[in-house]
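A short worksheet on the structure shown next.
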Amino acid sequence: MMSFDSGSLHAALAAAVGDDAGLIDDLRLAFLESAERQIDLLSRARCDANWALAAWRLKGLCASFGVNSMIVLAEEAEQGAPGDPRILRQLRASLDSLSL
Numbered sequence: 180m181m182s183f184d185s186g187s188l189h190a191a192l193a194a195a196v197g198d199d200a201g202l203i204d205d206l207r208l209a210f211l212e213s214a215e216r217q218i219d220l221l222s223r224a225r226c227d228a229n230w231a232l233a234a235w236r237l238k239g240l241c242a243s244f245g246v247n248s249m250i251v252l253a254e255e256a257e258q259g260a261p262g263d264p265r266i267l268r269q270l271r272a273s274l275d276s277l278s279l
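Structure (structure tokens):
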């Protein structure tokens, strides 16, 4: 079973903006929306180039926010085939866990 690191997202945001709860919430929402957008693009990708680009963008986004579990999944997606249902399920589950 894979563990997810929602605590690292909060820690990265807190380190960036201090204890401003409103700003942390705004940045968290921006991250979640951006990650969802990239996962949606992955799910619609039908060629290697679009798949790799969406995976690369997702990996960069996750690296910016210190979400290591999703970095690993994005790297796995980069190496995989467009539309891989297993990696898409894992990415969605990881994102869902961060949404809680």
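Residue numbering for the sequence shown follows my numbering, beginning at 180 and increasing consecutively. Quick reminder that beta carbons are idealized off the backbone N, C-alpha and C, glycines included. Note that the coordinates shown come from a computational prediction; the quantities given were computed from them, not determined experimentally.
- When Cβ pairs closer than 8 Å are counted between the two stretches, the stretch 222-238 is seen not to touch the stretch 199-207, the count staying below three.
- Residue nearest to S278 within the set V246, A242 and V251 is V246 (criterion: CA-CA distance).
- Distance from the CA atom of Q217 to the CA atom of L237, rounded to whole angstroms, is 6 Å.
- When secondary structure is reduced to three states using DSSP, D199 falls in the coil class, being assigned neither helix nor strand.
- The criterion of a C-beta distance shorter than 9 Å is satisfied by L270 and A253.
- Take the alpha-carbon of A260 and the one of V251: they are about 16 Å apart.
- If you draw a straight line from the Cα of E255 to the Cα of D198, it comes to about 34 Å.
- Judged by DSSP in its simplified three-state form, L279 adopts coil rather than helix or strand.
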